[in-house]
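Enquirer: Quick note on our numbering: the sequence shown kicks off at 7 and runs consecutively. Heads up, the beta-carbon is just placed ideally off N, CA and C, and yes, glycines get one too.
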Amino acid sequence: MSKTMTTKAELLGTFSRERLLEIAREFNVEVPASASSREATIALGKVRRPTKAELEVLRRSAMDESVKGALVGEASEFYGRTAVRGFDHHNAILVHVARSVALAEIMTPGILETLEKHLEGQRGVRIPTKPDIPRHVADQLSTKQWAGLRVARSFQWVWGEDGAQILKLARENPDLAGFARLSAASVPEPGKRYLCLAWKSFAAEQYDASIVMLGRSVEFILKSWLQAQDPNGKFANQNLGGLLKEYEKLRGSKDEVAKYVAEMEAFERNLSAHDHRPERTPGVSEANHAWTGAVVLLKQLLGIEVRLESIRLAE
C-alpha cells in the first residue's frame, strides 16, 4: 500500500498505548483504562471515517505524537450536531415564547410588567446550597425536598438569563411596537378604539377581522374630519359610502384618501354581506393593503405619521 493510502488505524498504530489512552480521554472516546494499544486503536478508528485532509494532518503529526489537529474536524462535527443544535433550538424557543408574550401584551396590556415582577421576585429569593443550611434544618429535609432545592436553584439560573432575553425580545417585537405607537397617537375616539382593535386582530393574524375593525375606524375618523371642516354638517348617521361622497365634494374622487376610503367601503360591504369560504377569506395581502392605506389616511387627514414595521408584505 502506498504512503498516500495509509489508513487512520495504521497511523494511530504508530503511537504508544499511553498516548492512545490520552487521545481517547481528550476526545471523549470510551476506551477502558486497561485497554491494550490494539483495543485503543480500534476504538479511536471507529469514531468516524476520516477525510483525506484529516489523514494528511495525522501523517504530519505522527512524528511528535500529536493528533489533536487531525481529530479537530471530528470534534467540530460532534459539537455541531450536539451543542450547536441545542443552542439553535433553545434560541428558537425563546423567540417563539417572546412573540407569544408580546401578543399577550397587545391583548392585555400589563403582561410584561407582571412577568418582570415575577422574574425580579425569583432573583430575590435566596436558595442556599447544603453547606449554607443550618445543620438542624438540613437534617430534617427529605430526599424530595433536597431535589426541590436543586430544581429551584436551576430555575433561578435558567430564568434569570432566559427571562431577561424573553422580555427584551418581546419589547422589540414589531407588532407590540406598532400597537404602542397607535395607542399613543392623537386619533379622536371612537376611531382610535377601533384602530387599536384592528391592530390587535392584525397581530393575531385574524386579517378579515382586522379589515372590518379598520373600516369602522376609518368611518369615525372621516366623520370627525368632515365635522371639523363643516361644523353644521350632518354626518353622524351616515355610513362609509355616504361619508365618501361628502369627502369627494371637498377633495375630489381622485384624491389618495378618497381612493383608499372607496376600497375600504367595498371591503367592508363585501365582508359584512357574505360568508366567505376559508380559502376566499381576506388574508395577509389584503390586510397589508388596508393598513398601508390607513397610514396614508392618518397622515393626510390628521397629520399623524405612524411607522408600522410589521405590516406584512404579500408572499
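What would DSSP say about Pro38, mapped onto helix, strand or coil?
Expert: coil
Enquirer: Confirm, please, whether the CB-CB distance from Glu292 to Ile217 is below 8 Å.
Expert: Contact flag set, yes.
Enquirer: Output yes or no for whether 8 Å exceeds the beta carbon distance between Trp152 and Phe208.
Expert: Not a contact, by the Cβ cut-off of 8 Å.
Enquirer: Under DSSP, the alpha helix (DSSP H) around Glu225 begins and ends at which residues?
Expert: Tyr213 to Gln235
Enquirer: Can you tell me whether Asp181 is helix, strand or coil according to DSSP?
Expert: Under the three-state reduction of DSSP output, Asp181 falls in the helix class.
Enquirer: Can you look up Lys123 in the DSSP assignment and give me helix, strand or coil?
Expert: helix
Enquirer: For Met270 versus Leu246, is the C-beta distance shorter than 8 Å?
Expert: yes
Enquirer: Apart from the five residues just before and just after Ala215, which ones in its own chain have a Cβ nearer than 6 Å to its Cβ?
Expert: Ser207
Enquirer: How long is the line joining the alpha carbons of Lys255 and Lys265, rounded to whole angstroms?
Expert: 13 Å
Enquirer: Along the chain, where does the alpha helix (DSSP H) containing Lys305 start, and where does it finish?
Expert: Val290 to Leu308
Enquirer: In terms of alpha-carbon separation, which member of Gln306, Val301 and Ile317 lies closest to Gly289?
Expert: Ile317
Enquirer: Following the continuous alpha helix (DSSP H) through Arg313, name the residue where it begins and the one where it ends.
Expert: Careful: Arg313 lies outside any alpha helix (DSSP H) and carries neither H nor E.
Enquirer: Taking Cβ to Cβ, would you say Arg87 is nearer than 8 Å to Arg187?
Expert: no
Enquirer: Taking the C-alpha atoms as reference points, what is the distance between Asn243 and Glu225?
Expert: 11 Å
Enquirer: Is the separation between the beta-carbon of Leu173 and that of Glu126 shorter than 8 Å?
Expert: no
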